[in-house]
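Here the structure is laid out as structure tokens; the discussion comes afterwards.
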Amino acid sequence: MSAAQIIDGAEPTGDPFARPGRFTPPGAEPIVRVGDLEKYYGRNHVLRGVNLDVFPGETICLIGRSGSGKSTLLRCVNFLEEPTVGTIEVDGVILHASPTRKRSVSEREQIRQIRIRAQMVFQEFNLFPHLKVIDNLILAPILVKGVAKDQAIATAEKFLAVVGLSEKRDEYPNRLSGGQKQRVAIARALSMEPKVLLFDEPTSALDPTLVGEVLLVMEQLAHQGSTMIVVTHEMAFAREAADRVYYIDEGRFVEVGPPEQVIDAPQDSRTQTFLARLNARQKPEAIAEVAGIPTTAPASA
Amino acid sequence: MTQGMGSAAALVGSPPGLPPIVVDVESAGRRQTTAFRIRFFLTWAVIVALVGLLVVLGAHNNPRFHLTDWLPFIFSGVGITLFLSITSIVIACVLAVFGALGRLSTNPYLNGVASLYVSLVRGTPLIVQILFIFLGLPAVGIVVPDVPTGIIALSFNYGAYLTEVFRAGIQAVPSGQVEAANALGLPQRQVLRRVVLPQAIRIVTPAVANDFIAMTKDSALVSIVGVQELLWKAEAAGTPYVEVFQTIAVAAVIYWVMTIVLSLFQARLEKQMAAGDRRS
Chain A
24 MSAAQIIDGA EPTGDPFARP GRFTPPGAEP IVRVGDLEKY YGRNHVLRGV NLDVFPGETI
84 CLIGRSGSGK STLLRCVNFL EEPTVGTIEV DGVILHASPT RKRSVSEREQ IRQIRIRAQM
144 VFQEFNLFPH LKVIDNLILA PILVKGVAKD QAIATAEKFL AVVGLSEKRD EYPNRLSGGQ
204 KQRVAIARAL SMEPKVLLFD EPTSALDPTL VGEVLLVMEQ LAHQGSTMIV VTHEMAFARE
264 AADRVYYIDE GRFVEVGPPE QVIDAPQDSR TQTFLARLNA RQKPEAIAEV AGIPTTAPAS
324 A
Chain B
15 MTQGMGSAAA LVGSPPGLPP IVVDVESAGR RQTTAFRIRF FLTWAVIVAL VGLLVVLGAH
75 NNPRFHLTDW LPFIFSGVGI TLFLSITSIV IACVLAVFGA LGRLSTNPYL NGVASLYVSL
135 VRGTPLIVQI LFIFLGLPAV GIVVPDVPTG IIALSFNYGA YLTEVFRAGI QAVPSGQVEA
195 ANALGLPQRQ VLRRVVLPQA IRIVTPAVAN DFIAMTKDSA LVSIVGVQEL LWKAEAAGTP
255 YVEVFQTIAV AAVIYWVMTI VLSLFQARLE KQMAAGDRRS
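First to last, the sequence lines map onto chains A and B.
Using my numbering, read the first sequence as starting at 24 and increasing by one per residue.
Using my numbering, read the second sequence as starting at 15 and increasing by one per residue.
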């Protein structure tokens, strides 16, 4: 948590921890800037002044307990949630929070431009059940970007191959496993050829045996230099793929740094407690200790 | 109890020392089904025969009236009955889509109009609406002929009920679907047209088919303004000979057969609409 992490000569930004990642082209500016973001749900102060800059090619992991605000932050980036205070900038499209005023036509168009550039992958996949896999993939490119149908199909097939599901092209989503659905959802986001991918706990709704295939696709994307912001509880993924990990607690970043620092050598007591809980998942004694549940003595030795 | 238990057979509590009692569950179920079916259809046959007997006994047996002579005339009403019902259900569905969007609108004027429509039409009897259009509107200089009266009354009436069905159907589409469409960057209109409505239509199909079957029967009400549909023809055939009981009974049977056939179509339609929902 020292300011020494700021590299001399980097562009002055609102995020003191931002720095170009492994795949960032030289001289590139941050492609996502979240400035002084605050979010209230009624009287509940969910985000309390968040600054996050992401350079092109970076993979950023947001970690934290449930209710810490990490999903809300991600959903503010593409305006699925309207921020209360602050600024969002994605690939040059800048929009300020406007919680009380109804958005004008031009502002709604700007929000749409942000969404086109920052595609989201949801926890619950949200594939369109009435459309075949291929039609899920070409719907938005045709309607939103005006891509010709042949071209859209070619692009979609390319990304279906990337996620390893070319043979499911003409299936309906309900005939796929959870892992396959999420991979199709990733391919659907990729088909829009976005500048940034937003992942909102992409493996949390999956059977544990299906988590691996989704994480593998995501790791490959990260290693190919995709720009990704990932809300996740998968520390192995963060360790493998993230340029920077942000630990968020009660709406604030409390520890930021490369994964080997934040995950393996956390300094803040809140980060330590969170990671201890996460690691304790398989050990009943450890869970009992962390959660304060009294354990009964074994009947016999 | 656990080992050796096949899917078609179950062990039933066997006394100690004796071989287990094995019950062939599957064929026992089959025997039961056959016996059930025989009794089921026997029940139908007896009741229908009794009602038929009542019709025959209740007839005046007017020597100048031969029912068979009039059957083609009565049957010719089926066409107009189906024409009224099909035309009206199509118009009702269109009204219902706009009605539902109005009921869900945040615009107070659109919402007000849609809500008043539903309240007014659902709050008054269909026969009153028919008479209002046919007898009431001429008072203000709008004369509507009989068949258009029937179509307008039926489509407005069912449109109001279907408005609520469509509204519920649209609301039943998971919010994640709208979020995903928004996140892809689809404009609002396309979110509605390409994502919400196709799924809502699947959800409401059984209810719409149900209402269509109900409408084929409610269309009999428009005979009151002289539309020459099935009931009107049945009455017209029987009245001069004081044999309405028989001709009405014929009409009843025709309505019944029509609804049975339509129910079969409904089952097929629902199966087709479920494309994408099937898992196997």
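By construction, the Cβ of each residue, glycine as well, lies at the ideal position given by its N, Cα and C atoms.
Applying the 10 Å Cβ sphere with the 16-neighbour rule, what's the burial state of Ala288/B? exposed
Measuring alpha carbon to alpha carbon, tell me which residue in Tyr269/A, Glu283/A, Gln284/A is nearest Val277/A. Tyr269/A
Short of 6 Å in beta carbon distance, which residues of its chain neighbour Val275/B, apart from the five on each side in sequence? Order them along the chain. none
Three-state secondary structure (DSSP) at Ala265/A? coil
Buried or exposed for Glu3/A, please, with buried defined as at least 16 other CB atoms from any protein chain shown within 10 angstroms of its CB. Only positions 24 to 324 of chain A appear in the structure, and residue 3/A is not among them; the question remains open.
Among Arg71/A, Gln136/A, Gly187/A, Asp272/A, which one has its Cα closest to the Cα of Glu216/A? Gln136/A
Locate the alpha helix (DSSP H) running through Asp232/B, then write down its first and last residues. 211-232
Using the C-alpha atoms, what's the distance from Gln133/A back to Leu118/A? 7 Å
Rounded to the nearest angstrom, what separates Ser133/B and Ala167/B at their Cα positions? 15 Å
Which value, in whole angstroms, describes the spacing of the CA atoms of Leu239/A and Thr120/B? 44 Å
Let me know the secondary structure DSSP gives Ile30/A once reduced to three states. With a pLDDT of 40 at Ile30/A, under the threshold of 50, the modelled position of that residue is not reliable, and the figure given next carries that caveat. Three-state result, Ile30/A: coil.
Could you tell me the alpha carbon to alpha carbon distance between Glu130/A and Val219/A, rounded to whole angstroms? 20 Å
Counting only beta-carbon separations shorter than 8 Å, does Gln204/B have a partner in chain A? yes
If you reduce the DSSP assignment to three classes, tell me which class Tyr270/A lands in. strand
Tell me, please, whether the CB atom of Leu213/A is closer than 8 Å to any CB atom in chain B? no
9 Å Cβ cut-off: residues of chain B touching Met251/A: Correct list: empty, because the minimum Cβ distance to chain B is about 15 Å.
Any C-beta of chain B under 8 Å from that of Val113/A: no
Tell me the rounded alpha-carbon separation between Ser294/B and Arg206/A. Note that Ser294/B scores a pLDDT of 37, beneath 50, so its modelled location is shaky and nothing firm can be said.
Stretch-stretch touch, CB-based, cutoff 8 Å, three pairs: the region 62-70 of chain B with the region 231-243 of chain B: no
Does DSSP classify His256/A as helix, strand or coil? coil
Is any beta-carbon of chain A found at less than 8 Å from that of Val222/B? no
Quick one: does Phe151/A have its CB under 8 Å from some CB of chain B? yes
With a CB to CB cut of under 7 Å and the five nearest residues on each side skipped, what residues in its chain are close to Leu118/B? Arg181, Ile184
Can you tell me where the beta strand (DSSP E) holding Leu70/A begins and where it ends? 67-77
Identity of the residues DSSP links to Glu112/A by a beta bridge: Arg56/A, Ile117/A
Name the chain A residues that come within less than 8 Å of Asn196/B, Cβ to Cβ? Leu103, Arg138
Helix, strand or coil at Arg136/B [DSSP, three-state]: helix
Residues of chain B with a CB under 8 Å from the CB of Glu147/A: which are they? Gly190
Taking Cβ-Cβ distances shorter than 9 Å, what residues in chain B pair up with Asp171/A? Note that residue 171/A is Ala in the sequence shown, not Asp. By Cβ distance, chain B contributes nothing, its closest Cβ being about 17 Å from Ala171/A, past 9 Å.
Do Asp76/A and Arg98/A count as a contact pair if the criterion is CB distance below 8 Å? no
Close beta carbons around Asp59/A, own chain, < 8 Å, minus the five adjacent residues each side: Gly37, Gly72, Val73, Asn74, Val108, Gly109, Thr110
Nearest-angstrom Cα distance between Phe46/A and Glu263/A? 15 Å
Residues that DSSP places opposite Glu278/A in a beta bridge: Tyr270/A
Limits of the beta strand (DSSP E) - the one that Val219/A falls within: 219-223
Ile156/B (DSSP reduced to helix, strand or coil): coil
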